[in-house]
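*Asks:* Each residue of the sequence shown is one higher than the last, beginning at 383 in this note's numbering.
Every residue, glycine too, gets a C-beta built ideally from N, C-alpha and C.
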Amino acid sequence: MTASTTAARTERFRGLHHPGAPLIMPNAWDAGTARVLAAVGCLAVGTTSSGFAGTLGRPDRSVTRDEALGHAAALAAAVEVPVSADLENGYGAEPADVAATVRAAVDAGLAGCSIEDFTGDPQGSIHEVGLATERIAAAVEAAAGRLVLTARAENHLHGRDDLADTIDRLQRYQQAGADVLYAPGLRRAADIRSLLAELDRPVNVLLMPGGPGVAELAELGAARISTGGALAFAALGALGRSVRELLDGAAPSFWPDAGAGRELVRAW
């Protein structure tokens with residue numbers, strides 16, 4: 383992929399973020415699923431760290447920086463729409479580590495990436511807000527406008543249901559120069575509304591079970607909606623269900639979906 387192609391995709395991706403008319407950006411877990419998403423009309427595709435780890439038979443957060451970037455680059459090469467990579471915590475605690483990861487993401491031809499403030503500690507700890515902000519500032523400097531940088535506040539995925547702290551963090555990341563802000567794990571419309579009211583940058587919202595759907599998130603003012611690992615897990619769930627039918631001697635129910643999938647692959 384040429385530098386001019388990457389730059390064009392980045393600017394196209396940047397221009398797709400409209401509060402109230404959100405970009406629907408499902409998350410693919412391999413090049414094939416990225417092509418399916420593009421084929422059915424998605425204007426941009428995200429990666430998913432948990433979904434990708436699942437394809438390797440490994441748990442989330444077990445993927446290395448080189449593996450994640452190689453995977454994201456393969457998706458970007460497989461489709462013509464912009465690809466934004468879930469780069470977890472930047473694969474290192476220090477701002478310099480995050481900067482190196484973002485520079486590598488630019489070199490990989492990505493239109494965007496996200497950096498989170500979770501430390502990666504199994505105990506669920508979040509980086510101290512000062513260091514977390516320095517990490518985002520380093521990512522912004524490394525990106526230098528060459529990709530759309532999303533800053534993630536991870537409180538609500540790790541047992542810290544502190545909306546005030548989440549808003550404070552995202553405001554700091556906004557001031558540090560992040561292009562898009564993201565607090566995955568929010569389920570209540572009132573919390574999402576409160577968060578959006580305090581931020582001046584486009585906000586990505588993760589679809590959550592029991593949370594608002596696409597139409598309601600648009601009304602609330604979301605600029606982008608993603609699915610995280612949910613579609614990957616849904617596919618695995620369908621696979622498990624289909625195999626259990628065979629093992630139980632039941633009539634397979636997967637033929638309609640198999641036919642639809644075959645037609646999508648033929649379109650490649």
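1) Of the residues Ala493, Asp503, Leu492 and Ser466, which one's Cα is nearest the Cα of Tyr473?
2) Taking DSSP's pairing of strands, which residues face Cys424 in a bridge?
3) DSSP three-state label for Arg636, please.
4) If Val445 and Ser431 are in contact, beta carbons under 8 Å, what's the gap, nearest whole angstrom?
5) Would the segment 393-405 and the segment 620-640 be scored as touching if the rule is three or more Cβ pairs under 8 Å?
6) Under DSSP, the alpha helix (DSSP H) around Asp489 begins and ends at which residues?
7) Quick one: is Glu645 buried, meaning 16 or more other Cβ sit within 10 Å of its Cβ, or exposed?
8) Using 8 Å for Cβ pairs, my map puts Ala558 next to Ile518. What's the rounded Cβ distance?
9) With distances taken Cα to Cα, identify the nearest neighbour of Ala533 among Gly436, Val585, Ala490 and Asp479.
10) Span of the beta strand (DSSP E) holding Glu498?
11) Per DSSP, what are the beta-bridge partners of Val587 in this structure?
12) Note the first and the last residue of the continuous alpha helix (DSSP H) segment covering Val562.
13) Is Ala533 helix, strand or coil when you go by DSSP?
14) Do the segment 537-546 and the segment 478-491 meet, that is, are 3 or more Cβ pairs less than 8 Å apart?
*Replies:* Answer, in terms of the structure:
1) Asp503
2) Beta-bridge pairing links Cys424 to no other residue.
3) It is worth fixing the name first, because residue 636 is Phe in this sequence and not Arg. Residue state, collapsed to three classes: coil.
4) 6 Å
5) no
6) Pro477 to Asp489
7) exposed
8) 4 Å
9) Val585
10) Gly494 to Glu498
11) Ile607
12) Note, Val562: premise wrong, no alpha helix (DSSP H); beta strand (DSSP E) at Val562 to Tyr564.
13) strand
14) no
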